[in-house]
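Take the sequence shown: its letters are residues 1 to 149, numbered as in UniProt numbering. Ideal Cβ positions, reconstructed from N, Cα and C, are used throughout, including at glycine. Read the structure below first, then the notes.
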Amino acid sequence: MMNFKIRPLETQDLDKSSFLETLSNLSDVKNLSTKQAQEIFSMASGQGVYFLVAICEEGEHQGEIVATVKLIIEPKFFHGGKSAGHIEDVVTRYGFEGQGLSKALLQEAIKIAKENNCYKLILDCKKELLPFYAKSGFKEHGICLRLDF
């Protein structure tokens, strides 16, 4: 098993193809330029949005981002003004699955959510992924709806 480092995404990471390559395992990012990615990152940074990444520390992929997760902190008027956390974009690059990277990123996101006074953490996933998220303490709750444009 390789060694990995979990840390926040940094602006200079967007100059490398490994971040977008990893995201492409989840959804289409081929039309997103580095400049657009930098604008998105700049807009989201400091707004309660945390991009966490796993960096490979050895071998031919040393220095590359091979997994990522996004945490969004949403201030609420409920629960004494506590916040709700939202987990998005949990993805591990093909070939790096099964090494505990998504679980490690989730644990870091959970820690940050607690530090930010969140009373709950929400994530939507496919039914077949429920057992994976249950290992980190998530429980099925309600129904997710979506409207695509």
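For tyrosine 50 against isoleucine 122, the beta-carbon gap comes to about 15 Å, at or over 8 Å, which does not count as contact.
In this structure, DSSP gives glycine 85 an extended state, which the three-state scheme calls strand. Here the region 74 to 86 makes no contact with the region 18 to 25; the two share fewer than three CB pairs at distances below 8 Å. By the C-beta density criterion, isoleucine 143 is exposed, having fewer than 16 other C-beta atoms within 10 angstroms. The C-beta distance from asparagine 116 to isoleucine 73 rounds to 5 Å, short enough to meet the 8 Å contact threshold. The beta carbons of valine 91 and alanine 54 sit no closer together than 8 Å.
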